[in-house]
Amino acid sequence: MQVPQQLIESVRRGEPGAFEELVRSTHRPVYSLVYRIVGNAEDAADVTQDVYLRVWRGLRGFRGDANFSTWLYRVAANAALTYVKRRARGGVPTEPSELPDLPASDGTEERADAELLEQALATLPDSQRAVVVLKDVYGWTCDEIGKQMGTTEGAVKVRLFRARQRLADELASAGVVVPLKKRKKSS
Amino acid sequence: MRCDQIRPYLPGFVGGDLRPDTGDVVAAHVATCVSCTAESASLERVRTGLAVVAAREVEPPAGLLEGILERTSEHTHRRVLAPVLPFAVDDVVRLVSDHKDTIASAAGVAVVAAGAAYALWRAVRGARSAQPATS
Ligand SMILES: [Zn+2]
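Line by line, the protein sequences give chains A and B. Counting along the first sequence from 1, when you hit position 138 you're at 506 in this note's numbering, and nothing is skipped either side. Counting along the second sequence from 1, when you hit position 18 you're at 1219 in this note's numbering, and nothing is skipped either side.
As structure tokens, then:
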């Protein structure tokens, strides 16, 4: 996601149409990140609206020298994590998500894997999904994720490893990876 | 070291997320174990696949963009609330005065209507003068 510095300056100066242009050019990747963390389309749409309210309010305080995309993703991840945490406290079970509309695969192996993984992500428990999305999809460090989620790096790793294992199992059960002679313990 | 002792560490091993001493033990085992090598390969494939996921976009639901713009517009000074009202404030006032006779029989209703018109007027003024937050 590339946002021209000029556009950010225009938004900060309150130029007509600038904020709308900013939303137009960034809302799809932002929605994608939020969707991957909250796990269903309806909640993701609500949270994405909330993200842009936060962006609107926070933009005047945004330091021009920081990377805007990084900042925007951080605001989005923070809003999504807060939402997931509140949802967990409310005891509302995560709806088994409907599958998102994905662009057709062009047939390459990585893309086919990515398509399956995108769907498998939606089946993970909230806390595992959030961690593996931020770490393996968006490249955050476990330390950053821990700070953002208010937990320890160790706790983040436990969730991350479980999530990777579950996703590998999903790929195996989809026949993508030839399963080992079953996962029973060999010694 | 047995495979069942090593297995729980493989998801961390593939990403280089283990403590160095633990990583060394796992690496030494994997180097000599066909089954753990295969397991590592499938976990590695997960990581490669997830890295590709980042470049993809999930199709947002219809109306998301409009929803965002509408919600943020309530907080901007350029997009006033007035145009989205289904009627003009003046119309409410005229409506009330045109039906004075009917309404007069229920004085309370007139008070409520006037109050509503005033509230609408306040809302429109409020939206017009709202400025973006500064921090
Ligand atoms: Zn082994």
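In this text, a Cβ means the ideal position worked out from N, Cα and C, and glycines have one as well.
Which of helix, strand or coil DSSP assigns to Arg1257 (chain B):
coil
**Message:** If the criterion is Cβ atoms closer than 8 Å, does the pair Asp447 (chain A) and Arg431 (chain A) meet it?
**Reply:** For the record, residue 447 (chain A) in the displayed sequence is Ala; it is not Asp. No, these two residues do not count as a Cβ contact at 8 Å.
Can you tell me the Cβ-Cβ gap for Leu1211 (chain B) and Ser1241 (chain B), rounded? I've got them flagged as a contact below 8 Å. 5 Å
So, using beta-carbon positions, are Ser378 (chain A) and Ala386 (chain A) closer together than 8 Å? In this structure, the beta-carbon distance from Ser378 (chain A) to Ala386 (chain A) falls below 8 Å.
Under DSSP, the alpha helix (DSSP H) around Val406 (chain A) begins and ends at which residues? 386 to 406
Helix or strand or just coil, what does DSSP make of Leu484 (chain A)?
-> helix
| message | As a quick check of your reading: which residues have a C-beta less than 6 Å from at least one non-hydrogen atom of ligand 1, in chain order? | response | Near ligand 1, meaning a beta-carbon closer than 6 Å to one of its heavy atoms, we find B:Cys1204, B:Ile1207, B:His1230, B:Cys1234, B:Ser1236, B:Cys1237.
task: Taking C-beta pairs closer than 8 Å, name the residues in chain B that Val371 (chain A) reaches, listed in chain order.
output: Within 8 Å Cβ-Cβ: nothing; Val371 (chain A) doesn't reach chain B, min ~16 Å.
Sequence-distant residues of the same chain with beta carbon closer than 6 Å to Pro397 (chain A), five excluded per side = Met369
Cutoff 8 Å; reference Asp411 (chain A); Cβ partners in own chain excluding five residues on either side | Tyr451, Arg455
Which residues in the same chain as Arg1208 (chain B) place their Cβ atom closer than 6 Å to its Cβ, once the five residues preceding and following it in sequence are excluded? none
What does Val443 (chain A) touch in chain B if you count any residue whose Cβ is under 7 Å from its own? Contact of Val443 (chain A) with chain B by beta-carbon distance below 7 Å is absent, the smallest such distance being about 13 Å.
**Study point:** Partner residues on chain B for Arg479 (chain A), Cβ-Cβ distance less than 7 Å
**Key:** Under the 7 Å cutoff, chain B gives Val1253.
Exercise. Looking at C-alpha atoms only, which residue of A:Lys525, A:Pro372, A:Leu485, A:Ile376 is the closest neighbour of Ala1255 (chain B)?
Worked result: Residue A:Leu485 is the option with its Cα nearest to Ala1255 (chain B).
Please report how far the alpha carbon of His1230 (chain B) lies from the alpha carbon of Tyr399 (chain A), in whole angstroms.
-> Cα-Cα distance, rounded: 42 Å.
query = So the alpha helix (DSSP H) Gly1213 (chain B) belongs to, where does it begin and stop?
reply = 1211 to 1214
Counted within 10 angstroms of its Cβ, other Cβ atoms place Pro464 (chain A) as buried (16 or more) or exposed
Note that Pro464 (chain A) scores a pLDDT of 47, beneath 50, so its modelled location is shaky; the value from the coordinates is reported in the next line. Result: exposed.
inquiry  = Please list, in chain order, the chain A residues whose beta carbon lies closer than 7 Å to that of Thr1223 (chain B).
reply    = The premise fails here: Thr1223 (chain B) is roughly 11 Å from chain A at the closest Cβ pair, so nothing lies under 7 Å.
Mind checking whether Leu489 (chain A) and Arg479 (chain A) have CB atoms under 8 Å apart? Against a cut-off of 8 Å, the Cβ pair of Arg479 (chain A) and Leu489 (chain A) comes out as no contact.
Answer yes or no: does any C-beta atom of chain A fall closer than 8 Å to that of Val1259 (chain B)? yes
message: Report the CB separation of Ile405 (chain A) from Val501 (chain A) in whole angstroms; it is logged as a contact under 8 Å.
response: 6 Å
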